[in-house]
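Asks:
Protein chains in written order, with my numbering: chain A, 1 to 586; chain B, 587 to 776.
Below, the structure written as structure tokens:
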């Protein structure tokens, strides 16, 4: 049967067809739909769950693999930084049944803080890496990836990029393997307890496995050689192959699916068939690096091609053909259109908090989520954002300097509840343990919002759709010895302001939990929209300072509320000094 | 043969649904087909675009700059946003509905009111339709995406009526199907 699937849907399909039994993840663009698809379509045959973070998800899936069932873990590229600790040692232990790690990289940072190329992780951790170039290969590489993992007793990384994850192409679907989910575990301390006397020999074993894989991959199904014009031969992989086929339809191509360890023998044979050898890779020179280490003569690679930002057909053309330049046309078709940047939604429960923070000018350490948008004009309520959980620990660092410095600052750390579950707990413990005057604000909107509304330990639901106990943040903070804890409704502008004031002047670690569900969350009812009484409005534009997309200034200079957008959160009403904002329904 | 269709507009207009229907239609018509769009960070009101390519054999899932055969824009000024993607003899079909961005409502940018004039001056083939008004009069303003698709369907002669019906049926929820299909058929006959 033929169906059009996205790369992410195809990974889920491949897992289903391969008899995978356990799938774990922490949501992150562009990887989120993998587990979402498993939950929607295949949860009868695959147990799927969100971990609190990528490390817990990774170790859980590894555990299931060693217990005796095929397992996978999925994450975005930066998630593998969090899971890097188990990755390097899982390479030494090997697996039980097949174990696949999906990393979805994001060249050009469509929705990320950096554009790292996770194929380096394969080389660094000594874990084989497969790189599919379309959705059909996503299915196939998962299936063969499990076989590779079991044949050589290694974890296998499948590396996607945003354009593979989110592109749709035609797939042939097959029936799933019929597999029972039973224990297939034998105690083997030399393999599974990584004390020095065991891990030293395991490392040597791993190096041998990699050599065998490199030899085996010469004949594997993962690569494709297309000999056409032999003047130039191009070695490439992943989605870049698709661009290369359009830009150089007549040249010979060696497309590698197993990008680490590459088959050196295969590249050498291809080298012999062509006059000039090019390596064309998006981001980092992973294939080129391995070929250069093997002394293969390369005529063109990263000496010509930039190692930043994603490729496209037109980008490759402008790199290779001097007479092709898109800038003139781009200039001609630049109409200086009004931008439509992402903003906090109308009715967003984070708005009142950032309005207060921006107004006061405190030093605010932010985190990863929708609320990162609190940095933007006109809210201007954030100073730093680095990575998951760094709000609290960066705030801890500033609090230490506060202890040392004669010049005192008010320090705040602000973090969403899902990010708090992911990486906020340990930083909170640090703040209490070291008695740092850091005000931790947890924005609890009861959903992992930015990735498209996933559940987490604070929402009361699992990915399988079952009810779950809700993490008790108050008890946790008390146990950690946070000395002052308060809860407030996300729409109460004044109350939030007062609490922040109290907390930043409090000596010691403290926490404010701002609670209100995301206005877009399923089942959340909005209030009737508000309107502006034009007779009372003094055009002071105070309400425009909350950055609500439903409020706008007309050409005539009037301020109006878009009733179709307004969620009736009343934040604008609360900041208006002239009582000019009213309910539409009285 | 390779044909490229670019859909664009504003988050919340139902552009991705239309792109799913088109892809399904090309699949049913026997073509190789790929599509691409960027998910995430595109909250309500942001810029949305979807690339669809069909033909004998498709490689890149994104349309090369300057090679779109057809652009369907779901919002008036957004018709200009990706106009550079259109090939020389390509056509742009745009919805005349205006959605004012926050950058305009806060007074920082002007909303261009002369979109049609700009397109004319560039000697670009175009076709316009007030899909929102049509759908509103029909009593189903949310179906303006289907109205625009139906209006544009005359530019896809390779898709037969029964394929359109099958593709629409796959992606439109059963309880909304009849109304949407009525809109589609009314406009398709025009």
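Cβ coordinates follow ideal geometry from the N, Cα and C atoms, glycine included.
(1) Starting from the beta carbon of residue 646(B), find every residue of chain A whose beta carbon is closer than 7 Å, and list them in chain order.
(2) How is the beta strand (DSSP E) around residue 104(A) delimited, first residue to last?
(3) Does any residue of chain A bring its CB to less than 7 Å from the CB of residue 754(B)?
(4) In chain B, which residues lie with their C-beta within 7 Å of the C-beta of residue 333(A)?
(5) Beta carbon of residue 200(A): closer than 6 Å to some heavy atom of the ligand SAM?
(6) Once the 5 residues before and after residue 106(A) are set aside, which same chain residues still bring their CB inside 8 Å of it?
(7) Closer than 6 Å by C-beta to residue 360(A): which residues in its own chain qualify, once you throw out the five before and the five after it? Chain order, please.
(8) If you run the structure through DSSP and keep just helix, strand and coil, what is residue 712(B)?
(9) Under 7 Å, CB to CB, which of the residues in the segment 549–563 of chain A have a partner in chain B?
(10) Return helix, strand or coil for residue 607(B), following the three-state DSSP convention.
(11) Please list the residues of the segment 148–177 of chain A that have a C-beta atom closer than 8 Å to any C-beta atom in chain B, keeping them in chain order.
(12) Tell me which same chain residues have a C-beta within less than 6 Å of the C-beta of residue 684(B), skipping the five on either side of it?
(13) For residue 452(A), tell me which candidate among 352(A), 27(A), 15(A) and 100(A) has the shortest Cα-Cα distance.
(14) Which residues mark the beginning and the end of the alpha helix (DSSP H) in which residue 7(A) is found?
(15) State yes or no: is the C-beta of residue 34(A) within less than 7 Å of the C-beta of residue 100(A)?
(16) Under the rule that 16 or more other beta-carbon atoms within 10 Å means buried, what is residue 117(A), buried or exposed?
(17) Where do the N-terminal and C-terminal ends of the alpha helix (DSSP H) with residue 271(A) fall, by residue?
(18) Mapping the DSSP letters down to three states, classify residue 259(A) as helix, strand or coil.
(19) Quick one: complete alpha helix (DSSP H) runs, 4+ long, within the segment 23–78 of chain A?
(20) Run the CB neighbour count on residue 313(A), radius 10 Å, all protein chains shown included, and call it buried at 16 or more, exposed below.
(21) When the Cα atoms are used, what is the spatial distance from residue 693(B) to residue 637(B)?
(22) Could you give the first and the last residue of the continuous alpha helix (DSSP H) run that contains residue 172(A)?
(23) Once DSSP output is grouped into helix, strand and coil, what is the label at residue 163(A)?
(24) Excluding sequence positions up to five away, which residues of its chain have a Cβ less than 8 Å from the Cβ of residue 271(A)?
(25) Give me the subset of the segment 96–129 of chain A whose CB atoms are less than 8 Å from a CB atom of chain B, sorted by chain position.
(26) Check whether chain A comes within 7 Å of residue 792(B), counting only Cβ atoms and requiring the distance to be less than that.
(27) Are there 16 or more other CB atoms within 10 angstroms of the CB of residue 762(B), so buried, or fewer, so exposed?
(28) Assuming residue 168(A) and residue 621(B) make a contact with CB atoms under 8 Å, what is their CB distance in whole Å?
(29) Expressed to the nearest angstrom, what Euclidean distance is found between the alpha-carbon atoms of residue 528(A) and residue 584(A)?
(30) Would you grab the beta carbon distance between residue 351(A) and residue 357(A) for me? Rounded to a whole angstrom, and I think it's under 8 Å.
(31) If I measure Cβ to Cβ from residue 85(A) and keep anything under 8 Å in the same chain, skipping five residues before and after, which residues do I get?
(32) Could you say if the segment 693–710 of chain B and the segment 561–581 of chain A meet the contact criterion of at least three C-beta pairs nearer than 8 Å?
(33) Whole angstroms are fine: how far does the CA of residue 598(B) sit from the CA of residue 767(B)?
(34) Residues of chain B with a CB under 9 Å from the CB of residue 326(A): which are they?
(35) Select from 125(A), 97(A) and 65(A) the residue whose C-alpha is nearest the C-alpha of residue 89(A).
(36) Taking residue 601(B) as the query, report the chain A residues whose CB atoms sit under 8 Å from its CB, ordered along the chain.
Replies: In short, the structure shows the following:
(1) In the second chain, residue 646(B) corresponds to position 60, counting from 1. Simply 242, 243, 246 and 313.
(2) As a working note, residue 104(A) is residue 104 in the first chain. Element bounds for residue 104(A): 99–105.
(3) Position 168 of the second chain holds residue 754(B). By this cut-off, residue 754(B) is not an interface position.
(4) Position 333 of the first chain, counting from 1, holds the residue named residue 333(A). Within 7 Å Cβ-Cβ: 669 and 670.
(5) Judged by which ligands are present, the structure shown has none, so any question about the ligand SAM falls away.
(6) Translated into positions along the first chain, residue 106(A) becomes position 106. Cβ neighbours of residue 106(A) beyond the five flanking positions: 29, 30, 76, 77, 112, 115, 161 and 162.
(7) Numbered from 1 along the first chain, position 360 holds the residue referred to as residue 360(A). Same-chain partners within the cutoff: there are none.
(8) Within the second chain, the letter at position 126 stands for residue 712(B). DSSP places residue 712(B) in strand when its eight states are reduced to three.
(9) 549, 552 and 553
(10) For the purposes of this step, residue 607(B) is identified with residue 21 of the second chain, where counting begins at 1. The answer is helix: DSSP assigns residue 607(B) an H, G or I state.
(11) 162, 163, 166, 167, 168, 169 and 170
(12) Here the question's residue 684(B) lines up with position 98 in the second chain. Closer than 6 Å at the Cβ level, and outside the excluded window around residue 684(B), lie 662.
(13) Locating residue 452(A) in the first chain gives position 452, counting from the first residue. It is 27(A).
(14) Position 7 of the first chain, counted from the start, is the residue given in the question as residue 7(A). Residues 7–17.
(15) As a first step, residue 34(A) must be located in the first chain, where it is residue number 34. As a first step, residue 100(A) must be located in the first chain, where it is residue number 100. Contact: no.
(16) By 1-based counting over the first chain, the position of residue 117(A) is 117. When all chains shown are included, residue 117(A) counts as buried.
(17) Position 271 of the first chain holds residue 271(A). 264–273 is the extent of the alpha helix (DSSP H) around residue 271(A).
(18) To locate residue 259(A), count along the first chain from 1; it is residue 259. Correct three-state label for residue 259(A): strand.
(19) 33–37 and 54–67
(20) Locating residue 313(A) in the first chain gives position 313, counting from the first residue. Buried: at least 16 other Cβ atoms inside 10 Å.
(21) Within the second chain, the letter at position 107 stands for residue 693(B). Within the second chain, the letter at position 51 stands for residue 637(B). Near 32 Å, if we compare the C-alpha coordinates of residue 637(B) and residue 693(B).
(22) Residue mapping note: residue 172(A) aligns to position 172 of the first chain, counting from 1. Counting along the chain, residue 172(A) falls outside any alpha helix (DSSP H), though it belongs to the beta strand (DSSP E) covering 167–172.
(23) To locate residue 163(A), count along the first chain from 1; it is residue 163. If DSSP states are grouped into helix, strand and coil, residue 163(A) belongs with the helices.
(24) By 1-based counting over the first chain, the position of residue 271(A) is 271. Taken in chain order, the residues that qualify are 233, 277, 296 and 297.
(25) 110 and 111
(26) With chain B running from 587 to 776 in the structure shown, residue 792(B) is simply not present.
(27) Position 176 of the second chain, counted from the first residue, corresponds to residue 762(B). Result: exposed.
(28) Along the first chain, read from residue 1 onward, the residue named residue 168(A) stands at position 168. Along the second chain, read from residue 1 onward, the residue named residue 621(B) stands at position 35. At roughly 5 Å, the Cβ-Cβ gap stays under 8 Å, so residue 168(A) and residue 621(B) are in contact.
(29) Mapped onto the first chain, residue 528(A) falls at position 528. Mapped onto the first chain, residue 584(A) falls at position 584. Cα to Cα, the separation comes out at about 7 Å.
(30) Your numbering for residue 351(A) matches position 351 in the first chain. Your numbering for residue 357(A) matches position 357 in the first chain. With 8 Å as the limit, residue 351(A) and residue 357(A) do not qualify as a contact, their Cβ atoms being about 11 Å apart.
(31) Translated into the one-based positions of the first chain, residue 85(A) becomes position 85. Closer than 8 Å at Cβ, skipping near neighbours: 55.
(32) no
(33) Looking up residue 767(B) in the second chain gives position 181. Looking up residue 598(B) in the second chain gives position 12. If I take the Cα positions, the gap works out to 21 Å.
(34) Numbered from its first residue, the first chain carries residue 326(A) at position 326. Per Cβ cutoff of 9 Å: 651, 652 and 670.
(35) Locating residue 89(A) in the first chain gives position 89, where the first residue counts as 1. The shortest C-alpha separation from residue 89(A) is found at 125(A).
(36) The residue labelled residue 601(B) in the question sits at position 15 within the second chain. Per Cβ cutoff of 8 Å: no residues; residue 601(B) is ~13 Å from chain A at best.
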